[in-house]
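Going by numbering that gives the first Met the number 0, the sequence shown opens with residue 0, and the numbers climb by one from there. Only one structure is covered here, and it is reproduced in the block below.
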Amino acid sequence: MKYLLSIVLVALIGFTAPKKTAPAYDWGSVSAKPDLSWANQVGAQTTPGNTAWDAGKFGLRNDTSTFSTRAIQAAIDACHRQGGGTVTIAPGYYKIGALFIKSGVNLHLSKGTTLLASEDIEDYPEFPSRIAGIEMTWPSAVINIMDAENAALTGEGFIDCRGKVFWDKYWAMREEYEKKNLRWIVDYDCKRVRGILVSNSKHITLKDFTLVRTGFWACQILYSDHCSVSGLTINNNVGGHGPSTDGIDIDSSTNILIENCDVDCNDDNICIKAGRDADGLRVNRPTENVVVRNCIARKGAGLLTCGSETSGSIRNVLAYDLKACGTGTALRLKSSMNRGGTVENIYMTRVEADSVTRILAVDLNWNPKYSYSALPKEYEGKEIPAHWTTMLTPVEPKEKGYPYFRNVYFSHVKADGAKRFISASGWNENHRIENFYLSNIDAEVESVGKITYGKNFQLQDIRLTVKDKSRLQQTDNIDSKIEINYK
């Protein structure tokens, strides 16, 4: 009787689950243990219901001779109006233009389903967005989740964005623009279609599908909160070299979970962004509270990159149990001296790297030809596009454009076949990169590299097998302790 009474009491008053605590990580000998309790709150907290909606009932047919956009969108809209649920696309091949998933709707791509994106830019209506750090009018993505709550794109289906037409357009424009000293604006003039856009939304789930050949960035999470990106396979090296085809971009968004993803691209694999230059400082929205775990980066510029769009600041990023295979850099922090913002509290541990270019790269003055805008004389006094004016707007005072990098923890790394261990540089003796804690790193490298204008760099339990027998170059560093065991 007492046992039954206790069950009744629990049912009546509810059960309080024990409070989650952050897992333990080893950062070596640090002055204070980092507080990572925020990491328990990331990711979508709700998902759409299971009420089934068959897109076939809205006229969807397995037929690539005609567009399926209207039928799929009709199913999404009806599901949304009736309170939400799961819209299922049956196995088959479907040609589409831009689709828009709405609140309460899960668009589910069944295994064996392939969406073939249109190669015609006219099938992607333009709207105000943010791209590469500035707000401007841009074509819609292949799949869009905008101003929505509790929405999802799931399933083991396949989305072929067929973006080579946009890659070819970019390379042709790039050649001409560089001749005119316009490298800084070609990425913005060449409007290319993104794969997935989540914008101004919350509690969004992207799960299990494969995304290939995106015209521009594969998956952008913009101005959003509590989103999960789980189990995605992204490959932008199918059928050519896709320029600036980032894998996953988290852009001025908060409480984001990225897990179990496999990314093969031609720029940053997983990238944290927060706006560019004067426009990014105007918007002033940070990216914070991001967890990245159990992911693989293949080709691409960086397994985990922060920047170069840092204007709104980036903080609280935890990444662990990761692999880099032929990737440019395992951990990369980059900005420029007109971008502003602070990159801080970056934690990365338990990383396996094979044949990467660099294990750690830190640069406050990244890619000057791209990072600094200057109008050639032949354009002075002439009417120019609005986004050119945005890019040319100076940061005033100029000190507001100085970025800051600090509080970076990087531990338990095993690297084979790396070209360089580290390349890390502040700006000058008055503007240093600060508080970097590297520990328990075992790497085989061709050369060691350098640290310049650093403050409080702490390297311990670093074991390097160096092919060219070089040693770490240190210039103008203060308050640092470097302990490297050269094999």
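We treat Cβ as the ideally placed atom computed from N, Cα and C, and that holds for glycine.
Does residue i come out as helix, strand or coil in the three-state DSSP assignment?
i: Phe165; result: helix
i: Tyr378; result: helix
i: Val228; result: strand
i: Asp62; result: coil
i: His202; result: strand
i: His240; result: coil
i: Tyr24; result: coil
i: Thr328; result: strand
i: Glu395; result: coil
i: Met336; result: coil
i: Gly55; result: helix
i: Gln40; result: helix
i: Ile483; result: strand
i: Ala522; result: Residue 522 cannot be examined here, being either before or after the span of the chain that is shown, 0 to 486.
i: Gly214; result: coil
i: Ala373; result: coil
Give the range of the alpha helix (DSSP H) segment to which residue i is assigned.
i: Lys368; result: 367-370
i: Trp183; result: 182-188
i: Leu280; result: 276-282
i: Asp76; result: 68-80
Output the boundary residues of the beta strand (DSSP E) element that contains residue i.
i: Ala423; result: 403-424
i: Gly448; result: 432-451
i: Leu108; result: 104-108
i: Ala116; result: 112-116
i: Arg292; result: 286-292
i: Gly154; result: Counting along the chain, Gly154 falls outside any beta strand (DSSP E), and DSSP gives it neither H nor E.
i: Leu98; result: 98-100
i: Ile95; result: 91-95
Taking its Cβ as the centre, do 16 or more other Cβ atoms sit within 10 Å of residue i, making it buried, or is it exposed?
i: Thr136; result: exposed
i: Gly58; result: exposed
i: Asn288; result: buried
i: Gly380; result: exposed
i: Lys44; result: According to the sequence shown, residue 44 is Gln rather than Lys. By the neighbour-count rule (16 or more Cβ atoms within 10 Å), Gln44 is not buried but exposed.
i: Pro127; result: exposed
i: Arg419; result: buried
i: Ser310; result: buried
i: Pro17; result: Its pLDDT being 42, under 50, Pro17 is placed unreliably in this model, and the value from its coordinates should be taken loosely. Exposed, because fewer than 16 other Cβ atoms sit within 10 Å of the Cβ of Pro17.
i: Gln472; result: exposed
i: Glu343; result: buried
i: Pro124; result: exposed
i: Ser372; result: buried
i: Asn234; result: buried
i: Lys480; result: exposed
i: Asp478; result: exposed
i: Ala385; result: exposed
Out of the options, which has the shortest C-alpha to C-alpha gap to residue i?
i: Asn61; options: Gly214, Ile133, His411, Ala89; result: Ala89
i: Phe208; options: Lys201, Ala217, Leu458, Asp278; result: Ala217
i: Glu443; options: Ser469, Thr63, Tyr93; result: Ser469
i: Asn49; options: Ala318, Asp76, Gly82; result: Gly82
i: Ile255; options: Gly194, Ile203, Leu303, Lys94; result: Ile203
i: Gly416; options: Trp37, Glu445, Leu330; result: Glu445
i: Tyr403; options: Ile383, Glu382, Ser335; result: Ser335
i: Arg338; options: Asn364, Cys324, Ile345; result: Asn364
i: Leu359; options: His430, Lys333, Asp76, Thr341; result: Lys333
i: Asp266; options: Ala414, Val361, Arg161, Gly327; result: Gly327
i: Phe221; options: Gly194, Arg193, Arg212, Ser252; result: Strictly speaking, residue 221 in this sequence is Leu, with Phe absent from that position. The option with the nearest alpha carbon to Leu221 is Ser252.
i: Tyr485; options: Asp478, Thr474, Thr464; result: Thr464
Pull up the DSSP beta-bridge partners for residue i, would you.
i: Val355; result: Looking at the DSSP assignment, Val355 forms no beta bridge with any residue, so it has no partner.
i: Val197; result: Ile144, Ile220
i: Glu125; result: Pro138
i: Cys270; result: Asp248, Thr304
i: Lys298; result: According to DSSP, Lys298 bridges with nothing at all.
i: Glu175; result: For Glu175, which the question treats as bridged, DSSP gives no partner whatsoever.
i: Lys454; result: Glu433, Ile477
i: Glu258; result: Ser229, Arg292
i: Leu463; result: Ala442, Tyr485
i: Ile133; result: Ile130
i: Val86; result: Trp52, Leu106
i: Ile313; result: Thr286, Val342
i: Thr45; result: Answer is none; Thr45 lacks a bridge partner.
i: Val361; result: Leu332, Ala423
i: Lys322; result: Ile295, Glu351
i: Asn235; result: DSSP, once it has assigned bridges, lists no residue as partnering Asn235.
i: Thr389; result: None; Thr389 has no bridge partner.
i: Asp263; result: Asn234
Flag residue i as yes when its Cβ comes closer than 8 Å to any non-hydrogen atom of the ligand MG, and as no otherwise.
i: Ala273; result: Among the components of this structure there are no ligands whatsoever, and the ligand MG is therefore not found.
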